[in-house]
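Enquirer:
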């Protein structure tokens, strides 16, 4: 499935995992649609890729559904379709439910991590169904979506919702030529994780993550945790009784929380 000439649309492409995936696919000869909020970062990324003029750049906030749909349609029209769509845009922020100001943070995290994934996939599905070749819709989840961690309620819940949504969509689209792939990263060395103030086991370079993620997408894996060591941890966490989990993680370090004025 990972072949030269593939048409790949990536949100959250201006940095981190999205940029690493863009570089990996471009090195394999794909034509890319790069979507993110920062035009300068997107332009810089495009210029660093092979055959830079082949790729389209869309300076769009994924929360702007009309602009997102317009970018999707432009990419479909310019390239005669799309083979892979990766919803990679995401934000992470520490939250405390007792803090009234954090309700707005919950809204923003869910809007970006979950609802924008739906808005990213929606404009492509009808066109993909008409294609004779296999297609992929890829949701970037997180091992944080496996169990709820203290101080990260918004992020964990948004990623758990994303996992369930992608599973539902996978079953929904099973009769078609579209496969839905969920990638759940562990700790990947990106600007998002560098804000964490606690040890990050099995920290993975984004380039290595991208290589392995592209392979999983090509296979059409329904669900893949990367790196594999975090997959083992995720399975253990999923099986852990609540009483033991609560005792072990009651004092775990938390994500940084933004102070509100």
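Numbering (full-length UniProt numbering), first residue to last: 1 to 261. All C-beta atoms in this analysis are idealised placements derived from N, C-alpha and C, irrespective of residue type, glycine included.
(1) Give the single residue among 23, 38, 69, 89 whose Cα lies nearest to the Cα of residue 52.
(2) Taking Cβ to Cβ, would you say residue 131 is nearer than 7 Å to residue 81?
(3) Inspect the beta-carbon positions of residue 226 and residue 212 and report whether they are closer than 7 Å.
(4) Might you give, ordered along the chain, the residues of its own chain that have their beta carbon closer than 7 Å to the beta carbon of residue 17, omitting 5 neighbours on each side?
(5) Residue 144 and residue 156: beta carbons closer than 7 Å?
(6) According to DSSP, is residue 156 part of a helix, a strand, or is it coil?
(7) With a 10 Å radius around its C-beta and 16 neighbouring C-beta atoms as the bar for buried, classify residue 232 as buried or exposed.
(8) Can you say whether residue 113 is buried or exposed, counting buried as having 16 or more other CB atoms within 10 angstroms of its CB?
(9) Tell me whether the segment 27-39 and the segment 103-111 touch, counting them as touching only if at least three CB pairs, one residue from each stretch, are closer than 8 Å.
(10) Hey, how far is the Cα of residue 240 from the Cα of residue 25?
(11) Taking the alpha-carbon of residue 234 as reference, which of 149, 250, 5, 174 has the nearest alpha-carbon?
(12) By DSSP, does residue 241 sit in helix, in strand, or in coil?
Expert: Result, derived from the coordinates:
(1) When each option's Cα is compared against that of residue 52, the closest is 23.
(2) Closer than 7 Å, so yes.
(3) Result yes, Cβ atoms of residue 226 and residue 212 sit closer than 7 Å.
(4) For residue 17, where only same-chain residues beyond five positions count, the Cβ hits under 7 Å are 88, 140, 185, 188, 190, 206, 209.
(5) Closer than 7 Å, so yes.
(6) Helix at residue 156.
(7) Exposed, by the Cβ-count rule.
(8) With 16 or more neighbouring CB atoms inside 10 Å of its own CB, residue 113 falls in the buried class.
(9) The segment 27-39 makes no contact with the segment 103-111, as fewer than three CB pairs between them are under 8 Å.
(10) One C-alpha to the other measures close to 37 Å.
(11) Of the candidates 149, 250, 5, 174, the one whose C-alpha sits nearest the C-alpha of residue 234 is 149.
(12) The three-state secondary structure of residue 241, taken from DSSP, is coil.
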